[in-house]
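As structure tokens, the structure follows; a few thoughts come after it.
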Amino acid sequence: MPSSNSNAESLTADILAGSPDVGVHYSRFRLPADLDDRIDATVLGDAPSLLSDAELDAIAFHGTSGSWTGLEGDRALAESLTQATGAPATTASLALVAALEALDAGRVAVVFPGPAGIVALIEREYAASGLEVVRSSVPATSMSNPEISRMSSTEIGALMQPAFGSDGSDVDAVVCIGTNLRSAYLAAGFESEFGVPVVDSATATLWHLLRLAGTARPIPGWGALLARA
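The opening residue of the sequence shown carries number 111 in the numbering used here; numbering runs sequentially from there.
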């Protein structure tokens with residue numbers, strides 16, 4: 111978990127409030143200053159080995175940088191996590207792609223709370239996975255990770271709305287990339303309005319972890335992805 115993330119732990123606890131058999135544990139690391147820097151085992155430091163003491167059933171790197179620095183790098187990172195902990199591993203970026211595959215979503219719109227220039231890199235990575243980015247929505251000004259977490263529901267909704275276009279009919283899913291963006295709380299409402307799945311990166315990470323741990327189950331109230339397990 112990036113040290114500047116204040117969303118994922120509380121969100122995951124909210125989602126799993128009705129699942130007392132699932133324990134989720136966290137270790138933190140500091141993100142590089144540059145968004146273009148690739149995250150690897152050296153950046154994570156002792157975080158994986160500390161978590162290995164909990165004898166995990168699955169582990170994830172809870173960040174989305176691989177969506178633009180390279181999914182191949184995330185696959186290598188997941189392998190290093192498995193080597194360090196003995197548990198099957200994923201990343202938020204790999205979980206998003208797996209979720210879109212599960213939803214049979216090939217044409218997507220991207221919501222990204224970062225610089226517009228990064229979206230072009232996301233489009234390239236998604237294209238390599240057979241995903242077409244139809245349009246994207248980014249904020250007007252650059253924000254730090256803590257600033258992203260402090261966005262109000264109204265501000266997040268305004269960021270998400272353009273991704274649906276006029277009626278959402280030309281996309282198979284809307285993807286919210288950024289685990290500190292509190293889009294998961296709005297996903298079900300937008301799905302009800304537009305009839306299009308909303309795939310939030312923090313939600314997708316939990317969904318993928320549950321599958322890797324062999325404890326997948328439908329969790330209603332958080333959108334189409336978790337509803338299907």
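Where a beta carbon is used, it is the ideal one built from N, C-alpha and C, also for glycine.
- Message: Within the continuous beta strand (DSSP E) that includes residue 284, where are the two ends?
- Response: 283–286
- Item | Limits of the unbroken alpha helix (DSSP H) element including residue 263 | 263–270
- Query: Identify the residues that DSSP records as bridge partners of residue 217: which are they?
  - Reply: 242
- Task: Please name the residue, chosen from 336, 238, 225, 266, that lies closest to residue 252 on a Cα-to-Cα basis.
- Result: 225
- Query: Exposed or buried, residue 289, counting other C-beta atoms within 10 Å across all chains shown (16 or more means buried)?
  - Reply: buried
- Counting along the chain, where does the beta strand (DSSP E) carrying residue 169 start and finish? 169–171
- Message: residue 313 and residue 294 - do their beta-carbons sit closer together than 8 angstroms?
- Response: yes
- Message: Please give me, in chain order, every unbroken run of the beta strand (DSSP E) with length at least 3 that falls completely inside the stretch 167–211.
- Response: 169–171, 199–201
- Item | Within the stretch 303–335, ranges of the alpha helix (DSSP H) (whole runs, at least 4 residues) | 311–322
- Query: Going by alpha carbons, who is nearest to residue 283 out of 292, 298, 291?
  - Reply: 298
- Message: So, with DSSP's three-state summary, where would you put residue 139?
- Response: strand
- In angstroms, rounded to a whole number, what distance separates the CA positions of residue 220 and residue 310? 10 angstroms
- Report all residues from its chain with a CB closer than 6 angstroms to the CB of residue 222; omit the five preceding and five following residues, and keep chain order. 229, 248, 287
- Item | One or two residues paired with residue 112 in a DSSP bridge | 139
- Query: By how many angstroms is the C-alpha of residue 205 removed from the C-alpha of residue 236?
  - Reply: 13 angstroms
- Range covered by the alpha helix (DSSP H) that runs through residue 122: 118–125
- Item | Cut-off 7 angstroms between Cβ atoms - residues of its own chain near residue 306, not counting five sequence neighbours on either side | 274, 278, 281, 283, 284
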